[in-house]
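Student: Chains as they are written, first to last, in the numbering used here: chain A, 6 to 328; chain B, 499 to 836; chain C, 22 to 285.
By construction, the Cβ of each residue, glycine as well, lies at the ideal position given by its N, Cα and C atoms.
Please find one structure pasted underneath; my questions will follow.
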Amino acid sequence: MLRDVNTRKVMKNAFRITKHKYKTALRVRVPGGLGDPLVFRTVADIAEKFGDGRIHITTRQGFEILGIDMEDMPEVNEAIQPVIDHLDTNQEKRKAGYPASGTRNVAGCIGNKICPKAQYNTTEFAKEIEDMIFPNDLHVKIALTGCPNDCIKSVMHDFGIIGMCLPEYDQSRCVACQACVNKCKSYSVGALSIENNKIVRNHEKCIGCGECVLNCPMLAWTRSPKKYFRLVIMGRTGKKNPRIAKTWLKWVDKPAIMKIIANTYEYTAEYIDPEAPNGKEHIGYIVDRTGFEEFKKWALKDVELPERCEVVPTVYWDERKIW
Amino acid sequence: MKQIVSKEAFNEGLAKLLTEYDIYGPVRHPYRGTHSDTDKIQYQQVHSFDEMEWDEKSQFSPKSAVLPINQLLFYFVEDQWLEASETMRKILVFLRPCDLHGMKRMDEIYLNNGAPDYFYERRRKMIKFVVVGCKETYRNCFCVSMGSNVPEDYDAALNIRDDHFELDIIDEDLAVFAGREADFDIDYVTENTFSIEVPEEVDSQYLAEHDMWREFDSRCIACGRCNYVCPTCTCFDMQDIYYKENEDAGERRRVWGACMVDRYTDIAGGITFRSKYGSRMRFKAMHKIYDFRKRFGYNMCVGCGRCDDACPQYISFSETIEKVGAVMKQKLNEEDPA
Amino acid sequence: MTNEYIPQAAVIREIIPHTEREWTFRVETDGTNTKPGQFYEISIPRYGESPISVSGYADDFVDFTIRNVGRVTNYLFDLKPGDKLALRGPYGNGFDIEEFKNKEVIIVAGGTALSPVRGVIEYAYYHPEEFKGFSVICGFKSPAEVLFRDDIERWKERLNVIQCVDGAPEGYTGPVGMVTAFIPDIEIKDAENLQAIVAGPPVMIKFSTLELQKRGIIDHNLWVSYERRMHCGLGKCGHCKMDDTYICLDGPVFRFTDARKLFD
Ligand SMILES: Cc1cc2nc3c(=O)[nH]c(=O)nc-3n(C[C@H](O)[C@H](O)[C@H](O)COP(=O)(O)OP(=O)(O)OC[C@H]3O[C@@H](n4cnc5c(N)ncnc54)[C@H](O)[C@@H]3O)c2cc1C
Ligand code: SF4
Ligand code: SF4
Ligand code: FES
Numbered sequence: 006m007l008r009d010v011n012t013r014k015v016m017k018n019a020f021r022i023t024k025h026k027y028k029t030a031l032r033v034r035v036p037g038g039l040g041d042p043l044v045f046r047t048v049a050d051i052a053e054k055f056g057d058g059r060i061h062i063t064t065r066q067g068f069e070i071l072g073i074d075m076e077d078m079p080e081v082n083e084a085i086q087p088v089i090d091h092l093d094t095n096q097e098k099r100k101a102g103y104p105a106s107g108t109r110n111v112a113g114c115i116g117n118k119i120c121p122k123a124q125y126n127t128t129e130f131a132k133e134i135e136d137m138i139f140p141n142d143l144h145v146k147i148a149l150t151g152c153p154n155d156c157i158k159s160v161m162h163d164f165g166i167i168g169m170c171l172p173e174y175d176q177s178r179c180v181a182c183q184a185c186v187n188k189c190k191s192y193s194v195g196a197l198s199i200e201n202n203k204i205v206r207n208h209e210k211c212i213g214c215g216e217c218v219l220n221c222p223m224l225a226w227t228r229s230p231k232k233y234f235r236l237v238i239m240g241r242t243g244k245k246n247p248r249i250a251k252t253w254l255k256w257v258d259k260p261a262i263m264k265i266i267a268n269t270y271e272y273t274a275e276y277i278d279p280e281a282p283n284g285k286e287h288i289g290y291i292v293d294r295t296g297f298e299e300f301k302k303w304a305l306k307d308v309e310l311p312e313r314c315e316v317v318p319t320v321y322w323d324e325r326k327i328w
Numbered sequence: 499m500k501q502i503v504s505k506e507a508f509n510e511g512l513a514k515l516l517t518e519y520d521i522y523g524p525v526r527h528p529y530r531g532t533h534s535d536t537d538k539i540q541y542q543q544v545h546s547f548d549e550m551e552w553d554e555k556s557q558f559s560p561k562s563a564v565l566p567i568n569q570l571l572f573y574f575v576e577d578q579w580l581e582a583s584e585t586m587r588k589i590l591v592f593l594r595p596c597d598l599h600g601m602k603r604m605d606e607i608y609l610n611n612g613a614p615d616y617f618y619e620r621r622r623k624m625i626k627f628v629v630v631g632c633k634e635t636y637r638n639c640f641c642v643s644m645g646s647n648v649p650e651d652y653d654a655a656l657n658i659r660d661d662h663f664e665l666d667i668i669d670e671d672l673a674v675f676a677g678r679e680a681d682f683d684i685d686y687v688t689e690n691t692f693s694i695e696v697p698e699e700v701d702s703q704y705l706a707e708h709d710m711w712r713e714f715d716s717r718c719i720a721c722g723r724c725n726y727v728c729p730t731c732t733c734f735d736m737q738d739i740y741y742k743e744n745e746d747a748g749e750r751r752r753v754w755g756a757c758m759v760d761r762y763t764d765i766a767g768g769i770t771f772r773s774k775y776g777s778r779m780r781f782k783a784m785h786k787i788y789d790f791r792k793r794f795g796y797n798m799c800v801g802c803g804r805c806d807d808a809c810p811q812y813i814s815f816s817e818t819i820e821k822v823g824a825v826m827k828q829k830l831n832e833e834d835p836a
Numbered sequence: 022m023t024n025e026y027i028p029q030a031a032v033i034r035e036i037i038p039h040t041e042r043e044w045t046f047r048v049e050t051d052g053t054n055t056k057p058g059q060f061y062e063i064s065i066p067r068y069g070e071s072p073i074s075v076s077g078y079a080d081d082f083v084d085f086t087i088r089n090v091g092r093v094t095n096y097l098f099d100l101k102p103g104d105k106l107a108l109r110g111p112y113g114n115g116f117d118i119e120e121f122k123n124k125e126v127i128i129v130a131g132g133t134a135l136s137p138v139r140g141v142i143e144y145a146y147y148h149p150e151e152f153k154g155f156s157v158i159c160g161f162k163s164p165a166e167v168l169f170r171d172d173i174e175r176w177k178e179r180l181n182v183i184q185c186v187d188g189a190p191e192g193y194t195g196p197v198g199m200v201t202a203f204i205p206d207i208e209i210k211d212a213e214n215l216q217a218i219v220a221g222p223p224v225m226i227k228f229s230t231l232e233l234q235k236r237g238i239i240d241h242n243l244w245v246s247y248e249r250r251m252h253c254g255l256g257k258c259g260h261c262k263m264d265d266t267y268i269c270l271d272g273p274v275f276r277f278t279d280a281r282k283l284f285d
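Following this line, the structure appears as structure tokens:
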């Protein structure tokens, strides 16, 4: 029977301190939200054997296995090992469960595994990021979404990665049916117009949703094989100044995003408030404190931005009063 | 002349032909499909056999090799009209048997419906066809039902084998391949995954008023994909453009048209003759399986199934033909229950 | 091989305005191979081409009566006598005068559709003795929109011409009503052999043919001229097709026995 419990350690090990004393819940990470029968079976087995039979699906695409006795934590850690192995989650010691919980599961919308609108495989990219940043105690939330529909709500994250299609036009295939013009106008931002029987794209207006490519019956519009993204930053929910993330980089690529995220961890480590309650401070608040310029200096260190990348020089967030 | 030709010898032969011919074949463009991380397969100029994609059906037909999507007809400078010249190189098109049957339909419209079309004829005279035999049917194909499965009237034909080609050369001009003589037949399928019956007797007036078309009013989105991918859709629109640098000069082109797409029947005064999408479906279907036949004696549709492959709304043209057949049967039964 | 697509530049000899939006352009070109009911493709380079009926012709000119409705026609209305436009044609079958000779004839036309039949009426005006009777009912929206006013007055001298308007301001003394309203009053001697022509918008064709059928005119002797979208005039572009019929090649003039079977 447990009597003394270091709650810090429990939480770091991805177990929750719940309202029921001595009862915990395990938080299972599923990067990019893609599981398979083994993951589900293992989670189900643990819920049956150690929990009270209830499994909660979290907003961040993990599972919480409820009603676990704290005494069983070591056995549960052993039992979850197949999931950790299978999803290739970084671990410090085998059969010791998750080594950290601060940096949250990297979430992704369904992405182009099946979604016709998505511009890339969100799960694969999420896994690459997860692999780079986990385990870490810093409280960072990242979400990836296939297109500007933003089904994962990446604009409520520290980093929102939104797929962009760079449309390329082959005018010799265009038959001037205007499907692209009409769809861009009715579904998106109206960046296309017809001039002299050919289509003109307003690159400034274009948000890379890809409706032109999706709707062109001739495939006169195609997507550049090079993947581009929009990076929106420092969105957050919470009691203090919740806000929507804002675009910082448009037409940025994967290597640049990876480096920026890595740099941000260094920046955060440098500037996090040592007095912060539970050692936990969202990066958004740190950026508020140091100023955007300082963040930018750190984040862009040694980053090679693609040539067509557009950088918003200074990002301002609208802090509308919600509460 | 039938011969067995090694891959190397085949490519060497093609290299020889390339000095005189522009060669067209289906080419896969990775990542250029409608959806991300999918491919596009379209016809275009190639320089070797390896550039061609034969494992999958090409999404677009070879008609662009014969009838360019955007064809420049002439330039105008003030009131001078300068006919667009074309490089008069010969053209060699590699295509499947159904698509070669499609070419016959194109010829019918462009050469025999009224006077021969100047621009079409000029290009067509330069074109020779190499049929690539089909060992297996693809999804949605119904060439056997349309009688267009058998390779006919080709200039050359070939079977693709693991490490060699079987080549049947009819046109002397193409006999440039080193190989040994052999006997074989060009592959063709004798069965698709399904077969349909095209109704012999079609009462187009009765059908025009039949409500079988109304389901398409809302199902079809009039995108025209079915037209654009079709090897036998021949329609075009005229387009004039002016040059931005000099507005007195410009050009007239013709550009592929589509009877499913808005504006096709619009005339001044706000009149549209087929505004309902179901009526456009009927018009297209009748053209493919009846109207053309009434004029020229055989069906226009060759059963390549590309319209079904391409339709984002899962509308099946082959099933539409069957529905027409069923409606006509029902009509006959009602008129004469015996 | 002739290149049918290349138009010939032709000088506008005269412009005869009828209303603000409808003018006749007399264009200098060889009219000897032209028949009433045929059409030309008129080009304005950079703007496009429009099919336009022949509204009159002689050895050295062809008339086109054009309504200003859009891109190409707008531009045409900026031209002056002496300017050039570009032509190709004539296309289509047109009316064969021989079919009408020695018979009673009724022509029902609405608005600009008077153009395709004007040549037939002109022939009758100059050779009235070749017909057993010749009536024209031509309708316009309002008195202000009447076309070929002088011609109509002249035709009245020798032919039975009813020029009506759909509606008119108070005090107008001429006939008011749709063309169909005047069909029952025409005197007919031998309905079975009478030849009738209907030219106008689709709705007018529908109701006028009905009225004429009521008068005992048989479909075989009933002629209509169809107007459909056209991009080539040569049986290639497909736009004008109805069922298995290409209006540009097989028409635009049809016996009603054939026309009534055509569906869009
Ligand atoms: C056989 C025939 C005879 C005709 N005769 C006459 C005539 O004598 N006088 C007259 O004023 N008009 C006539 N028309 C109609 C005339 O062709 C159109 O009004 C004209 O094409 C409009 O062109 P736009 O560019 O000014 O108008 P827009 O509305 O800008 O037209 C754009 C395009 O639509 C097409 N189009 C629009 N309306 C028609 C139409 N009715 N028929 C075919 N294509 C069309 C053309 O390709 C045109 O270039 C005739 C049409 C046909 C088919
Ligand atoms: S949808 Fe494609 S073919 Fe149609 S106008 Fe746009 S680019 Fe051209
Ligand atoms: S492809 Fe399908 S949706 Fe598009 S026009 Fe054809 S039938 Fe309609
Ligand atoms: S106008 Fe082109 S086919 Fe009739």
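Going along the chain, which residues of the stretch 715 to 746 of chain B sit with their C-beta nearer than 7 Å to a C-beta in chain A?
Tutor: Flagged, chain order: Cys721, Gly722, Arg723, Tyr726, Gln737, Ile739 and Tyr740.
Student: At a CB-CB cut-off below 7 Å, which residues of chain B make contact with A/Ser159?
Tutor: Those within 7 Å of A/Ser159 in chain B number zero; the least Cβ separation is about 17 Å.
Student: Please confirm if A/Val186 has its CB atom under 8 Å from at least one CB of chain B.
Tutor: Closer than 8 Å: no.
Student: Quick check: the stretch 615 to 627 of chain B against the stretch 693 to 703 of chain B, are at least 3 beta-carbon pairs closer than 8 Å?
Tutor: The stretch 693 to 703 of chain B, when compared against the stretch 615 to 627 of chain B, does not touch it at the 8 Å Cβ threshold.
Student: Relative to the C-alpha of A/Glu173, which residue among A/Pro230, A/Val180, A/Ile167 and A/Asn202 is closest?
Tutor: Cα-wise, what sits closest to A/Glu173 is A/Pro230.
Student: Taking only runs that begin and end inside the stretch 204 to 246 of chain C, name each unbroken alpha helix (DSSP H) of 4 or more residues, in chain order.
Tutor: If we require 4 residues or more, the alpha helix (DSSP H) runs fully inside the stretch 204 to 246 of chain C come out as 223 to 235.
Student: Taking 8 Å as the threshold, find out whether the stretch 579 to 596 of chain B comes into contact with the stretch 41 to 51 of chain C through three or more Cβ pairs.
Tutor: No, they do not touch.
Student: Should B/His785 be listed as close to ligand 4, given that the test is whether its C-beta is under 7 Å from any heavy atom?
Tutor: Checking every heavy atom of ligand 4 against the Cβ of B/His785, none is found closer than 7 Å.
Student: Less than 7 Å separating the Cβ of A/Ile204 from some heavy atom of ligand 2?
Tutor: Correct: A/Ile204 has its Cβ closer than 7 Å to ligand 2.
Student: Starting from the N-terminal side, write out each stretch of the alpha helix (DSSP H) that is 4 residues or longer and does not extend beyond the stretch 76 to 153 of chain C.
Tutor: Complete alpha helix (DSSP H) runs here, min 4: 92 to 97 and 135 to 147.
Student: Looking at A/Asn207: is its Cβ nearer than 8 Å to the Cβ of A/Gly102?
Tutor: Against a cut-off of 8 Å, the Cβ pair of A/Gly102 and A/Asn207 comes out as no contact.
Student: Assuming B/Met601 and B/Val564 form a contact by the criterion Cβ under 8 Å, report the distance between their Cβ atoms to the nearest whole angstrom.
Tutor: Correct: roughly 7 Å between the Cβ atoms.
Student: By the criterion of Cβ-Cβ separation under 8 Å, what are the contact partners of B/Asp535 in chain A?
Tutor: Result: Asn117, Tyr125 and Asn126.
Student: Is B/Pro835 close to chain A, meaning its C-beta is less than 8 Å from at least one C-beta of that chain?
Tutor: Not one chain A Cβ lies under 8 Å of B/Pro835.
Student: Between the alpha carbons of A/Ile85 and A/Ile147, how many angstroms are there, rounded?
Tutor: Using only the alpha carbons, I get a separation of about 24 Å.
Student: Which value, in whole angstroms, describes the spacing of the CA atoms of B/His662 and B/Ile502?
Tutor: When rounded, the distance between both Cα atoms is 7 Å.
Student: Going by DSSP, which residues form a beta bridge with C/Val32?
Tutor: For C/Val32, which the question treats as bridged, DSSP gives the partners C/Lys105.
Student: Under 7 Å: does the beta carbon of C/Ile268 sit that close to some heavy atom of ligand 4?
Tutor: Because some heavy atom of ligand 4 lies under 7 Å away, the Cβ of C/Ile268 counts as near it: yes.
Student: Assuming the contact rule is C-beta atoms closer than 8 Å, A/Pro36 and A/Ala131 should be a hit. Round their C-beta distance to whole Å, please.
Tutor: So it is a contact: roughly 5 Å between Cβ atoms.
Student: Would the C-beta of B/His708 count as close to ligand 4, meaning under 7 Å from any of its heavy atoms?
Tutor: Because no heavy atom of ligand 4 lies under 7 Å away, the Cβ of B/His708 does not count as near it: no.
Student: Please work out which residues of its chain come closer than 8 Å, Cβ to Cβ, to B/Leu516, disregarding the five sequence neighbours upstream and downstream, and give them in chain order.
Tutor: Result list for B/Leu516: His545, in chain order.
Student: Could you tell me whether the stretch 110 to 126 of chain C touches the stretch 146 to 154 of chain C, using the rule of 3 or more Cβ pairs below 8 Å?
Tutor: Judged by Cβ distances under 8 Å, the stretch 110 to 126 of chain C makes contact with the stretch 146 to 154 of chain C, as three or more pairs qualify.
Student: For A/Trp322, does the three-state DSSP call read helix, strand or coil?
Tutor: Coil, per DSSP.
Student: As an exercise, report each continuous alpha helix (DSSP H) stretch of at least 4 residues that is fully enclosed by the stretch 149 to 181 of chain C, in chain order.
Tutor: Within the stretch 149 to 181 of chain C, the complete alpha helix (DSSP H) runs of at least 4 residues are 170 to 179.
Student: For a contact meaning CB atoms closer than 7 Å, what does C/Tyr68 contact in chain B?
Tutor: Within 7 Å Cβ-Cβ: Asp738.
Student: Scan the stretch 117 to 170 of chain A and note each continuous beta strand (DSSP E) run of 3 residues or more that stays entirely inside, going in chain order.
Tutor: Segments of the beta strand (DSSP E) lying fully in the stretch 117 to 170 of chain A: 147 to 150 and 164 to 169.
Student: Which of the three DSSP states, helix, strand or coil, is assigned to A/Gly38?
Tutor: In this structure, A/Gly38 counts as helix in the three-state DSSP scheme.
Student: Within the present structure, is the beta-carbon of B/Gln578 separated from the nearest heavy atom of ligand 3 by less than 7 Å?
Tutor: Outside the cutoff, so no.
Student: Using a Cβ-Cβ cutoff of less than 7 Å, which residues in the same chain neighbour B/Thr763 once the five nearest sequence positions on both sides are dropped?
Tutor: Hits under 7 Å: Thr770, Phe771 and Arg772.
Student: Once the 5 residues before and after B/Asn725 are set aside, which same chain residues still bring their CB inside 6 Å of it?
Tutor: Contacts found: Cys731, Ala756 and Met758.
Student: Taking 7 Å as the cut-off, is the C-beta of B/Pro810 nearer than that to any heavy atom in ligand 2?
Tutor: B/Pro810: no, Cβ never under 7 Å from ligand 2.
Student: Using C-beta distances below 6 Å, list every residue in its chain close to A/Lys77, excluding the 5 sequence neighbours before and after it, in chain order.
Tutor: Here the sequence assigns Asp to residue 77 of chain A, which means Lys is not the residue at that position. Within the same chain, A/Asp77 has close Cβ partners Phe55.
Student: Beta carbons nearer than 7 Å to chain B: which residues of the stretch 224 to 238 of chain A have them?
Tutor: The residues in question are Leu224, Thr227, Arg228 and Pro230.
Student: List the whole-angstrom C-beta distance separating A/Gly107 from A/Thr127, where the pair is believed to meet the contact cut-off of C-beta under 8 Å.
Tutor: Not quite, the Cβ-Cβ distance comes to about 22 Å (not below 8 Å), so this is no contact.
Student: First and last residue of the beta strand (DSSP E) that includes B/Gly677?
Tutor: Neither: B/Gly677 is in no beta strand (DSSP E) and is coded neither H nor E.
Student: Suppose you measure from the CA of C/Leu180 to the CA of C/Phe284; what does that come to, to the nearest Å?
Tutor: Computed Cα separation, rounded: 35 Å.
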